[in-house]
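Chemist:
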Ligand SMILES: O=C(O)CCC(=O)C(=O)O
């Protein structure tokens, strides 16, 4: 092992050990407690430690548990019912669909509303770029100057595209449609919160979205999870991805790696020299997954159709070789027994050295109950006062 890797492993062992001693934290300097990987589980520590930091999980390590049966988890009207084979296929592959949702006029209206109006309008979500080296940069061996440059582009659109269902009733209505929520209920269970949404453009003649997977998102600065599900190994989250333009193999349809949701895979991090590797951790091949042996499933869909998938399945999109943008909107649902965002994050905002932004305003964030009842009360709901 190279000496820089040895140094990494030694430092990580100290930080991980201190993270497991919460009673000590009030006596430690603030900068140190802010760098402890408090949310990591042992597999995350061990993989990073044993490889000298060349394999790092950027999300909580978990393995997908299959349900005891493939019977639907909720009773719904017959036309929206999933068969046992469909449910088994979802748990085998990690995704299901496409399903019809919007007709031609509706989808064009929604695309025009989102792309021509909403994205250009004032957003309630503000944020600032974060520069400087944080815990995530140390873990991923990133060059802060390079990250600041590339992240500027990424986060410029962030505020205008994230969670707009909380200030745009048509978008909220879209994500509350029974065609989506009833199907989610059969996979997740009847009690469901809408917790996040986003728009996705694959611009003309640009590469598609790089392959990625996510689970509980240690996304602030890779120290602790944003979401705390009752059982991280079970299915607790679903993504609904709605095509706003036709999406095909020419213009950037989604690509799934069936079965890759069986567990989280670490990122491959270059750490051999004194220099830094400024590759984006999202570049294809930077996940330690046997891509060359894996089946890739490109999934062409018509505008107005949607796919359901777990964020844990490795997915991305093909390049757009056409002259028109490919647009989609997605949202994420979670079971009501999931805790999302700490009180402190909601109050003080997100600082993400991983994404290189800070002071993301979160005080307006709410979960929205879109199916069933919330018997837990873990999260602020849309109709509650702040
Ligand atoms: O639309 C895309 O290109 C990527 C979508 C995606 O990654 C997601 O919905 O999680």
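Residue numbers (this note's numbering): -17 to 368.
Glycine included, C-beta positions come from ideal geometry on N, C-alpha and C.
For residue 63, name the three-state secondary structure that DSSP assigns.
Modeler: coil
Chemist: Going by alpha carbons, who is nearest to residue 180 out of 240, -10, 312 and 324?
Modeler: 312
Chemist: Using a Cβ-Cβ cutoff of less than 7 Å, which residues in the same chain neighbour residue 95 once the five nearest sequence positions on both sides are dropped?
Modeler: 152
Chemist: Which value, in whole angstroms, describes the spacing of the CA atoms of residue 260 and residue 160?
Modeler: Its pLDDT being 39, under 50, residue 260 is placed unreliably in this model, and the value from its coordinates should be taken loosely. C-alpha separation (whole angstroms): 44 Å.
Chemist: Tell me whether the beta-carbon of residue 351 lies closer than 8 Å to the beta-carbon of residue 292.
Modeler: The answer is no: Cβ separation not under 8 Å.
Chemist: Quick one: is the Cβ of residue 297 within less than 7 Å of any heavy atom of ligand 1?
Modeler: yes
Chemist: Assess contact between the stretch 94 to 111 and the stretch 235 to 254, defined as three or more Cβ pairs (one per stretch) separated by less than 8 Å. Is contact present?
Modeler: no
Chemist: Which residue marks the beginning of the beta strand (DSSP E) containing residue 326, and which one marks its end?
Modeler: For residue 326, there is no enclosing beta strand (DSSP E); the enclosing alpha helix (DSSP H) covers residues 325 to 330.
Chemist: Do residue 145 and ligand 1 come close, with the Cβ less than 7 Å from some heavy atom?
Modeler: no
Chemist: Which two residues bound the contiguous alpha helix (DSSP H) that contains residue 15?
Modeler: Boundaries of the alpha helix (DSSP H) around residue 15: 12 to 15.
Chemist: Can you have a look at residue 51 and say buried or exposed, based on whether 16 or more other CB atoms are within 10 angstroms of its CB?
Modeler: By the C-beta density criterion, residue 51 is exposed, having fewer than 16 other C-beta atoms within 10 angstroms.
Chemist: Is DSSP giving residue 356 helix, strand or coil here?
Modeler: coil
Chemist: Quick check on residue 298: does DSSP put it in helix, strand or coil?
Modeler: strand
Chemist: Less than 8 Å between the C-beta atoms of residue 369 and residue 290, yes or no?
Modeler: Given a span of -17 to 368 for the chain in the structure shown, any question on residue 369 remains unanswerable.
Chemist: Is the closest heavy atom of ligand 1 to the C-beta of residue 153 under 7 Å?
Modeler: no
Chemist: Between the stretch -17 to -9 and the stretch 25 to 37, are three or more C-beta pairs nearer than 8 Å?
Modeler: In short, these stretches touch, since the Cβ pair count reaches three.
Chemist: Residue 190 and residue 301 look like a contact to me (Cβ under 8 Å); what is the Cβ gap, rounded to whole Å?
Modeler: 5 Å
Chemist: With residue 141 as the anchor, note down where its alpha helix (DSSP H) starts and where it stops.
Modeler: Looking at the DSSP string, the run of the alpha helix (DSSP H) that includes residue 141 is 140 to 143.
Chemist: With the cut-off set at 8 Å, would you say residue 236 and residue 297 are in Cβ contact?
Modeler: yes
Chemist: At a threshold of 7 Å, does residue 184 count as lining ligand 1 (C-beta to nearest heavy atom)?
Modeler: yes
Chemist: So what does residue 347 bridge to, in DSSP terms?
Modeler: According to DSSP, residue 347 bridges with nothing at all.
Chemist: With distance defined between alpha-carbon atoms, name the residue in 42, 25, 225 and 184 nearest to residue 86.
Modeler: 225
Chemist: Classify residue 172 as buried or exposed, calling it buried when 16 or more other Cβ atoms lie within 10 Å of its own Cβ.
Modeler: buried
Chemist: Which of the three DSSP states, helix, strand or coil, is assigned to residue 8?
Modeler: helix
Chemist: Sorry if obvious, but does the Cβ on residue 431 come closer than 7 Å to a heavy atom of ligand 1?
Modeler: This structure leaves residue 431 out entirely; the chain is present only between -17 and 368.
Chemist: Which residues in the same chain as residue 154 place their Cβ atom closer than 6 Å to its Cβ, once the five residues preceding and following it in sequence are excluded?
Modeler: Closer than 6 Å at Cβ, skipping near neighbours: 147.
Chemist: Taking DSSP's pairing of strands, which residues face residue 311 in a bridge?
Modeler: 181 and 224
Chemist: Any heavy atom of ligand 1 closer than 7 Å to the Cβ of residue 5?
Modeler: no
Chemist: Excluding the five sequence neighbours on either side, which residues of its own chain have a C-beta within less than 7 Å of the C-beta of residue 230, listed in chain order?
Modeler: Only 282 meet the Cβ criterion.
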